[in-house]
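Accompanying notes for the structure given below.
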Amino acid sequence: MDVRDDTGVLVLGAGGHGKSVLGILLTLGRRVVGLLDDAQGTWGRRVLGVPVLGPLDALREHPACDVAHGLGDNRLRRELVERFPAARWLTVIDPGARVDPSARVGAGTSVFFGAFLGPDAVAGAHAIVSVHSMVGHDAVLGDFVQVAPGVQVGGGARIEAEAMLGLGSAVCPGVRIGARCTLGAGAVALHDLPEDCLAVGVPARPRPASLPEPSSAAPAR
């Protein structure tokens with residue numbers, strides 16, 4: 009569902025990522041009713057002048073509203089889609105992004121300022137394509153993928169569901185990144201990476217599971 013102008017919007021998540029999505033909606037002139045967040049300390053506060061109304065379950069009280077993802081964590085976005093199957097998920101695209109007419113962007117996906125999606129590129133549902141990131145021709149981002157700021161995804165690459173590409177990382181043309189894999193900040197994937205791994209370095213290699221994840225690979229809140 010694309011952003012429409014005929015109804016109010018709720019943003020799920022009142023942290024930094026939610027604020028960023030809210031900023032796009034306000035730029036687009038949308039009427040944002042409020043934000044929802046399970047962190048009780050946020051209730052009653054305002055984010056960019058918009059109130060935090062209460063917990064995520066309050067979404068059920070606003071069935072007529074469109075809904076925008078404001079949580080960066082891939083797993084949490086998936087859980088929200090499962091939790092609220094009737095939600096009217098928005099596709100939110102910053103007017104400063106460049107999406108080729110042949111590219112496809114799924115429901116619930118956010119595309120930020122300066123991002124580029126090339127010819128026949130696909131961004132699946134409920135994904136994040138962050139500021140100044142590039143998704144080359146024929147590349148595919150699966151559902152619930154997060155592409156952090158400054159990421160480069162080469163033509164024909166395939167990023168499978170719930171994968172996370174860290175700040176400034178790169179995926180070479182035709183390379184496959186497995187589902188739920190995290191590519192650390194600044195890493196370069198020259199070859200395919202398996203599912204459920206953390207890969208760092210140049211070239212990117214899976215890291216032993218016993219080592220802590222670098223904070224730079226953490227998803228947006």
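Residue numbers for the sequence shown follow the numbering used here, so the first one is 9 and each next one is one higher. No residue lacks a Cβ here, since even glycine has one placed at the ideal position from N, Cα and C.
Between GLY186 and LEU201, the C-beta spacing is below 8 Å. A straight-line Cα-Cα distance of about 34 Å links GLY122 and ARG68.
A check of alpha carbon separations from VAL113 across LEU125, ALA95 and PRO103 identifies LEU125 as the nearest. Taking the C-beta atoms as reference points, VAL155 is found nearer than 8 Å to SER138. Shown here, ALA66 sits in a helix according to DSSP, grouped into three states. Beta-bridge pairing by DSSP links ALA131 to VAL113 and LEU149.
Within 10 angstroms of the beta-carbon of GLU90 lie fewer than 16 other beta-carbons, which makes it exposed. Within the segment 30-100, the runs of beta strand (DSSP E) that reach at least 3 residues and sit entirely inside it are, in chain order, 40-44, 58-62 and 74-77. Exclusion of the five residues before and after GLU168 leaves GLY150, GLY186 and ALA187 as the residues of its chain whose Cβ lies within less than 6 Å of its Cβ.
Measuring C-alpha to C-alpha distances from GLY37 to each of ALA207, LEU198, PRO103 and VAL60 identifies PRO103 as the nearest. The continuous beta strand (DSSP E) containing LEU206 extends over residues 206-208.
When the five nearest sequence neighbours on each side are left out, the beta carbons in the same chain lying within less than 6 Å of the beta carbon of PRO63 are those of ASP46, in order along the chain. Taken atom to atom, the span from the alpha-carbon of LEU61 to that of PHE152 is near 25 Å.
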